[in-house]
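Please read the structure below before turning to the comments.
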Amino acid sequence: MIRLLKLEYLKNLNYKPFKVFAGLYFIVLIALLFVGLVDFDIFGNKINLKEQGMYNFPGVWNFTTYIVGLLKILLGCIIVFSICQEFSNRMFKQNLIDGLGREEFIFSKLLTILLLTGFSTLIVFILAFVLGKSYSNTQESDLIFKEIYFIFNYFLKLFAFFSFLMFLSVLFRKSIFVFLGFFMFWFVEKILIGIESFGVMRNINELERAKILNTKVFYTDYLPLESMSNLIPNPLIRTNMAQLLGMQFKFEYPWASVMVCLVWSLVFITGSYWILKKKDW
Amino acid sequence: MEKILEVKNLTKKFKQIAVNNISFDVEKGNVYGLLGPNGSGKSTTFGMLLSTINPTSGNWKWFGKEGTDTDTLKKIGAIIEQPNFYPYLSAEKNLEIVATIKGASYQRIDVVLETVNLLTRKKEAFSTYSLGMKQRLAIASALLANPEVLILDEPTNGLDPEGIIQIRDIINAIAKSGTTIIVASHLLDEIEKICSHVIVLKHGTAIYSGSVDAMSNTKGFFELKSDDANALISALNSLKIFSSVKEKEDLVIAQISEDISASDLNKKLFEKGISLSHLMKKKESLETQFLELVKQSNS
Numbered sequence: 005m006i007r008l009l010k011l012e013y014l015k016n017l018n019y020k021p022f023k024v025f026a027g028l029y030f031i032v033l034i035a036l037l038f039v040g041l042v043d044f045d046i047f048g049n050k051i052n053l054k055e056q057g058m059y060n061f062p063g064v065w066n067f068t069t070y071i072v073g074l075l076k077i078l079l080g081c082i083i084v085f086s087i088c089q090e091f092s093n094r095m096f097k098q099n100l101i102d103g104l105g106r107e108e109f110i111f112s113k114l115l116t117i118l119l120l121t122g123f124s125t126l127i128v129f130i131l132a133f134v135l136g137k138s139y140s141n142t143q144e145s146d147l148i149f150k151e152i153y154f155i156f157n158y159f160l161k162l163f164a165f166f167s168f169l170m171f172l173s174v175l176f177r178k179s180i181f182v183f184l185g186f187f188m189f190w191f192v193e194k195i196l197i198g199i200e201s202f203g204v205m206r207n208i209n210e211l212e213r214a215k216i217l218n219t220k221v222f223y224t225d226y227l228p229l230e231s232m233s234n235l236i237p238n239p240l241i242r243t244n245m246a247q248l249l250g251m252q253f254k255f256e257y258p259w260a261s262v263m264v265c266l267v268w269s270l271v272f273i274t275g276s277y278w279i280l281k282k283k284d285w
Numbered sequence: 050m051e052k053i054l055e056v057k058n059l060t061k062k063f064k065q066i067a068v069n070n071i072s073f074d075v076e077k078g079n080v081y082g083l084l085g086p087n088g089s090g091k092s093t094t095f096g097m098l099l100s101t102i103n104p105t106s107g108n109w110k111w112f113g114k115e116g117t118d119t120d121t122l123k124k125i126g127a128i129i130e131q132p133n134f135y136p137y138l139s140a141e142k143n144l145e146i147v148a149t150i151k152g153a154s155y156q157r158i159d160v161v162l163e164t165v166n167l168l169t170r171k172k173e174a175f176s177t178y179s180l181g182m183k184q185r186l187a188i189a190s191a192l193l194a195n196p197e198v199l200i201l202d203e204p205t206n207g208l209d210p211e212g213i214i215q216i217r218d219i220i221n222a223i224a225k226s227g228t229t230i231i232v233a234s235h236l237l238d239e240i241e242k243i244c245s246h247v248i249v250l251k252h253g254t255a256i257y258s259g260s261v262d263a264m265s266n267t268k269g270f271f272e273l274k275s276d277d278a279n280a281l282i283s284a285l286n287s288l289k290i291f292s293s294v295k296e297k298e299d300l301v302i303a304q305i306s307e308d309i310s311a312s313d314l315n316k317k318l319f320e321k322g323i324s325l326s327h328l329m330k331k332k333e334s335l336e337t338q339f340l341e342l343v344k345q346s347n348s
């Protein structure tokens, strides 16, 4: 394992996209630390995230993991570029000939994914904790860690997402096709979700709809990207403004999504290995 | 003789057959040439033996062990088609990656870079290298883990004459050290200069496998010239030791079927009253032998 880590370190050390996206990621993260101090101008209303209660424990875990989660594509770019370059520079073939096993190749990329994910999770934890400590109305210790599970969900969300990108990278081997493929996949998922909910909602009156949305299990919830996004709900419903508008925040721990994400990750990892195994290089 | 590699009935079918049922053995310490025109299946054969291509059927043993696993690959140094390295990394870092994969010592890096005369450029990025330097770095990389066998696919492809000579000298030096080498090429004089054994491929079929000397069953030929060509031809025919006697331009070419030395032949012809102005015993070059083989397999 040390050998594979060393290999990834040597490969990525001077790799430009790695430096660029990692740098970008951290600059944006640091900027996020200060975002609570800024007033946003939306529809002529001054909105200050701090006044909306976004930084209150325990909701700050939800808020931070959700917002930072949006930035995962920056780290995703590192995964995609660094895997695709192995194929475009014919280095995967050369690695094989030099004596690296296909499973070792996948495992070394998984190590990179785990490292990036772990590192990002650690940062999110620190970020959320610092934000909460600085701006939260409550500092009661049992409230502080009440929703700490969002940190785990964040880890799983990123891991599943990066596994998906690894699979696409191995499948298409050119970064431009990986991104096109990703957006196609995303688009198709959204369409399927639309079709299913239209099918369910068609014959139901308005009052019932909200209830069904909360209780019914949709098949499309189990699609990869949707199950990943279900791990961390949109925190805007938790804002004071949304509560004033009568929206209710209801969240039960998404065990199903956790399981589904784990299964998808496994599918993507074994799928990547299977492609490497079956194809002639 | 210890067998490094035994290949049995190896076949690969893409859309059509690329390698058709070939078998050959590689013995320790010899230099093998894999000969054949472009598209004859050389690279596909190497690809299968190096585990990058899945074979359709057939099997092989490296060092007596079935198939190709990563431990076997660590004992092999290979260059395939073109030098592959991370373009953004220096020669040194690239070799560190290879050494990490193969489990070789980093101390070997300077040694092999010295062998291929690249030590002074080791800190420079691979992308700044010329083709000749890239090819030399590839050889350095193949030598890194002290391989028992070296596989070279078109090692001088695309190089200028100076580069070709440099690479050939390096290969010669390695061959002298006793390393088994399998080299694929379509450049025949290259193979002729370094190989002891050849495998000739054509359309994926091995049409010859054996030593270079035994490749042609002819024992060579005589080039002769005399003032009276007709008398010379009839005298040669009467000796009944030649498979054919032909006139080519102003020379008479006699293919030997029963071996005879030049001086004996000269004596016999002189006894028959023919004096020669030119006499030379020659072996066919690998090129003519190769073309002969390809022609035979066509008919």
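Protein chains in written order, with the working numbering: chain A, 5 to 285; chain B, 50 to 348. Beta carbons: idealized from backbone N, C-alpha and C, even for Gly.
Inset, instruction - Examine chain B for any beta-carbon lying closer than 9 Å to the beta-carbon of R213 of chain A, and answer yes or no. - result: no
Inset, instruction - Flag V160 of chain B as yes if its beta-carbon sits less than 9 Å from any beta-carbon of chain A, otherwise no. - result: no
Legend entry - Length of the line joining the Cα atoms of E272 of chain B and L328 of chain B: 6 Å
Inset, instruction - Kindly list, in the order they appear in chain A, the residues whose Cβ is closer than 7 Å to that of K151 of chain B. - result: D102, G103
Inset, instruction - Would you decide whether Q98 of chain A is buried or exposed? Buried here means 16 or more other CB atoms lie within 10 Å of its CB. - result: buried
Legend entry - Contact set between S100 of chain B and chain A, taken where Cβ atoms lie within less than 7 Å: L100
Legend entry - Under 8 Å from the C-beta of L11 of chain A: neighbouring residues of chain B: I146, T149, I150
Legend entry - Given E239 of chain B as reference, the closest of B:K251, B:S226, B:D202, B:T254 once Cα atoms are compared: B:D202
Inset, instruction - Could you name the residues of the same chain whose beta carbon sits closer than 8 Å to that of R106 of chain A, not counting the 5 residues immediately before and after it, in chain order? - result: L100, Y277, L280, K281
Legend entry - Residue range of the beta strand (DSSP E) that includes L249 of chain A: First-last for L249 of chain A: undefined, no H or E at that position.
Inset, instruction - Inspect the beta-carbon positions of N157 of chain A and P239 of chain A and report whether they are closer than 9 Å. - result: no
Inset, instruction - Please go through the same chain and pick out, in chain order, the residues whose beta-carbon is closer than 6 Å to the beta-carbon of T254 of chain B, but skip the five residues on each side of it. - result: N69
Legend entry - Residue range of the unbroken beta strand (DSSP E) whose run includes D74 of chain B: 66-76
Legend entry - Alpha-carbon spacing of V56 of chain B relative to V24 of chain A, whole angstroms: 48 Å
Inset, instruction - Report the residues of the stretch 100-128 of chain B with a CB closer than 7 Å to any CB of chain A, ordered along the chain. - result: S100, T101, I102, N103, T119, L122, K123, A127
Inset, instruction - Inspect the beta-carbon positions of T93 of chain B and A127 of chain B and report whether they are closer than 9 Å. - result: no
Legend entry - Separation of F166 of chain A from S179 of chain A, as counted between CA atoms: 14 Å
Inset, instruction - Just tell me which of A:Q143, A:K161, A:D102, A:K150 has its CA closest to the CA of V198 of chain B. - result: A:D102
Legend entry - Backbone secondary structure at S334 of chain B - three-state DSSP: coil
Inset, instruction - Could you tell me whether any Cβ in chain B is nearer than 9 Å to the Cβ of W4 of chain A? - result: Because chain A in this structure spans residues 5 to 285, residue 4 of chain A falls outside the shown range and cannot be described.
Legend entry - Proximity to K137 of chain A [Cα-Cα], best of A:K215, A:P62, A:F168: A:P62
Inset, instruction - Could you check if I102 of chain B is buried or exposed, using at least 16 other CB atoms within 10 Å of its CB as the buried criterion? - result: buried
Inset, instruction - Kindly list, in the order they appear in chain B, the residues whose Cβ is closer than 7 Å to that of M205 of chain A. - result: Correct list: empty, because the minimum Cβ distance to chain B is about 49 Å.
Legend entry - N-terminal and C-terminal residue of the beta strand (DSSP E) that A84 of chain B is part of: The identity of residue 84 of chain B in the sequence shown is Leu, whereas the question assumes Ala. Counting along the chain, the beta strand (DSSP E) containing L84 of chain B begins and ends at 80-84.
Inset, instruction - Please confirm if M5 of chain A has its CB atom under 9 Å from at least one CB of chain B. - result: no
Legend entry - Run of the alpha helix (DSSP H) containing F291 of chain B, from where it starts to where it stops: Where F291 of chain B is concerned, there is no enclosing alpha helix (DSSP H), although the beta strand (DSSP E) it sits in stretches over 291-297.
Legend entry - Same chain, Cβ closer than 8 Å to F222 of chain A, five either side skipped, listed in chain order: I197, E200, S201, V204
Inset, instruction - Taking the CB atoms as reference points, tell me whether E211 of chain B and K172 of chain B lie closer together than 9 Å. - result: no
Inset, instruction - Would you list the one or two residues that DSSP bridges to L199 of chain B? - result: B:G126, B:I230
Legend entry - Continuous beta strand (DSSP E) stretch holding K194 of chain A: start and end: First-last for K194 of chain A: 179-205, but that is the alpha helix (DSSP H), not the beta strand (DSSP E).
Inset, instruction - Flag this pair as yes or no: are the beta carbons of E303 of chain B and F291 of chain B separated by less than 9 Å? - result: It is worth fixing the name first, because residue 303 of chain B is Ala in this sequence and not Glu. Going by C-beta atoms, A303 of chain B is nearer than 9 Å to F291 of chain B.
Inset, instruction - Would you mind working out which of B:F73, B:L335, B:L285 sits nearest D262 of chain B, comparing C-alpha positions? - result: B:L335
Legend entry - CB of P132 of chain B within 9 Å of CB of K52 of chain B, strictly: no
Inset, instruction - Taking the CB atoms as reference points, tell me whether L120 of chain A and L162 of chain A lie closer together than 9 Å. - result: yes
Inset, instruction - State the beta-bridge partners of V247 of chain B as determined by DSSP. - result: B:G82, B:G259
Inset, instruction - Enumerate in chain order the residues of its own chain whose CB-to-CB distance from L342 of chain B is below 6 Å, with the five nearest sequence positions on each side excluded. - result: V249, I256, Y257
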